[in-house]
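Presented below is the structure to which this report refers.
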């Protein structure tokens, strides 16, 4: 009984306190109208400044940006004001509206800060598609709670608490039905600025936003510096929406003729060289890149012994043939290069989406492994990371892989090197697959060992830690090829890095090398190695650089794999347009042939021939039924 009375008294005290606070806040609303008006007026300016300051900026940098770009800052404040007024009309409460907008703005600002510090790429709206993979992202994202971040969040909280106490709000007599339409109109206006070109283009021009097309990461970074965080986020969102893939002319009316005009009329009758079906091993090595392309500049910075890190790569190259592939990404978005290798299609033809696999229709896909499966191969996909990242398990299940192996599925002992599964484990798993498969094997492996962060290691220099990991991977590759040379199964191996690594910070190695949008093309060039153990003649390989999506056709050509009019047309196109990439060649004109064939296979009716024409549809029930 006594305990009950104690809890009752405690509850009554708390209730009385809340009532007194509520009464005081209601009094403050009436007693301090000028203070409340000032809080309401200042808030949009305040939250814009805090979101911009949070990008590792000091107040002096923000003042300099405002001085240099006053109209852009005005744009940011007006957008923040519209959002705030919209929330205020809907909820009446000033402090609550501030809380909602502050959560939105600071969440985006913090995400931008962490993303840029992780991989040197700025936040864009399409990154929101990765929300379902947020758990995977946090495993390697550079998330550091700095004193400056805590300070800025505390200042935001203090402003909201101040508003909570003085309690600015709309007049109580304005009913919801009178507030709803103008409130929604304010919010819709903000959405239209991003989504409707007829609105966004003149608005961006009026306020002087940098609207040049961002064809690669470095152009994007320059645009960020010109626009600041908030305007950049909105403008690139508009740009991504306006660049949505459009259906080719006449595709709906006459898709057959639209596609067939680009298919090869002459197709050689091939069925593998001397009937030999070699194992085809495709290794896309995470963040593997040869920095010796910058050896002179790196030597000036004190990095003078690069060859020692690449001795394994050179040993592997000496056993095979090497060349250059142009990859469609830098520092992140592995799935862009992976798409090109698995589909034999250019990302550029999809208007350069960051995650092209997310565009796929729910159906069996006309992939490269589908071809090998149709030729009697067993097909496998190996990736030593979480299956949910980029929704790989769900999406790649449509690619005609017989086996998919993720980090929890390895049948060989697993060890780590750094924070991720050792590349040697992947090589061992491939050997196991070859040994256990009766049919010839096609396997695509995307490694993980060399993924950022590079903070762990023997050095305080992230670049040195990266090179140490790469050395381990390269030595493992050479040993792997030597082991494969001893097996009695004909085998061909394609090895290539997916992109140059993400090395953080404004004082990172790329900044030290003074790489800009004017001289960044080398960062999209990846050295590849093509190796085989059965004396295959590789002298016909192209000596010039080609886009990564042509790599599957290089292999098919070498082994004299059967061709259809589509694969032959792609081989022909390699001679005409060897590189098709806006990242490597900004403002490159569209190739109507590649664009049409890509649309047809990804979003169209798959008029062009593919392995799906002969493979059974797994969604169809082939069981015979009888009726009485």
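In the working numbering, the protein residues as written are 88 to 715.
The beta carbon of each residue, even a glycine, is placed where N, CA and C say it ideally should be.
Small disclaimer: the values here were computed from a predicted structure and weren't measured.
Residue pairing by DSSP places residue 618 opposite 580 in a beta bridge. Within the same chain, and ignoring the five residues on either side of residue 257 in sequence, the residues whose Cβ sits closer than 6 Å to its Cβ are 179.
Taking each of 137, 381 and 543 in turn and checking the Cα distance to residue 507, the smallest one comes out for 543.
Around the beta carbon of residue 250, 16 or more other beta carbons lie within 10 angstroms, which makes this residue buried. The beta carbon of residue 254 sits closer than 6 Å to the beta carbons of 112, 115 and 116 from its chain, once the five residues preceding and following it are set aside; these are given in chain order. Looking only at 165, 244 and 430, the smallest Cα-Cα distance to residue 638 is reached by 430. For the pair residue 668 and residue 427, the Cα-to-Cα distance works out to about 11 Å. Shown here, residue 385 sits in a helix according to DSSP, grouped into three states. The beta carbon of residue 472 sits closer than 6 Å to the beta carbons of 494 and 535 from its chain, once the five residues preceding and following it are set aside; these are given in chain order. Annotation for residue 380: 609 and 612 place their beta carbon closer than 8 Å to its own, counting only its chain and skipping 5 residues before and after.
Boundaries of the alpha helix (DSSP H) around residue 422: 421 to 430. By the Cβ-count criterion, residue 460 is buried, with 16 or more other Cβ atoms from all chains shown falling within 10 Å of its own Cβ.
Remark: fewer than three beta-carbon pairs, one from each stretch, lie closer than 8 Å, so the stretch 296 to 309 and the stretch 179 to 196 are not flagged as touching. Excluding five sequence positions before and after residue 618, the CB atoms of its chain that fall closer than 6 Å to its own CB belong to 406, 407, 568 and 580, given in chain order. In the three-state scheme derived from DSSP, where H, G and I count as helix and E and B as strand, residue 371 is classed as strand. With a minimum length of 4 residues, the unbroken runs of alpha helix (DSSP H) contained wholly in the stretch 120 to 162 fall at 120 to 140 and 146 to 155. Secondary structure at residue 304: helix, using DSSP grouped into helix, strand and coil. DSSP places residue 518 in the uninterrupted alpha helix (DSSP H) bounded by 510 to 523. DSSP places residue 533 in the uninterrupted beta strand (DSSP E) bounded by 528 to 533. Looking at the backbone, the Cα of residue 348 and that of residue 231 are separated by about 55 Å. At the C-beta level, residue 208 and residue 419 come within 7 Å of one another. For residue 635, same chain residues with a beta-carbon under 8 Å away, outside a window of 5 residues either side, are 412, 413, 414, 415, 424, 427, 428, 583 and 613 in chain order.
Counting every other CB atom within 10 Å of its CB across the protein chains shown gives residue 105 a total below 16, marking it as exposed. The C-alpha of residue 300 lies about 8 Å from the C-alpha of residue 326. Secondary structure of residue 691 (DSSP, three-state): coil. For residue 243, the closest C-alpha among the options 131, 547 and 590 is that of 131. When the Cα atoms are used, residue 273 and residue 213 turn out to be separated by approximately 23 Å. Under DSSP, residue 256 shares a beta bridge with 180.
Here the alpha carbon of residue 640 sits roughly 11 Å from the alpha carbon of residue 628. If you look at residue 465, you'll find it in the beta strand (DSSP E) that goes 465 to 469.
Residues of the same chain with a CB within less than 6 Å of the CB of residue 158, apart from the 5 flanking positions on each side, are 294 and 295 in chain order.
Its chain contains 366 and 528 as the residues whose beta carbon lies nearer than 6 Å to that of residue 521, once the 5 sequence neighbours on both sides are disregarded; these appear in chain order. Rounded to whole angstroms, the separation of the alpha carbons of residue 601 and residue 384 is 10 Å.
In this structure, DSSP gives residue 314 a helical state, which the three-state scheme calls helix.
With fewer than 16 other beta carbons inside 10 angstroms of its own, residue 352 counts as exposed. Secondary structure at residue 188: helix, using DSSP grouped into helix, strand and coil.
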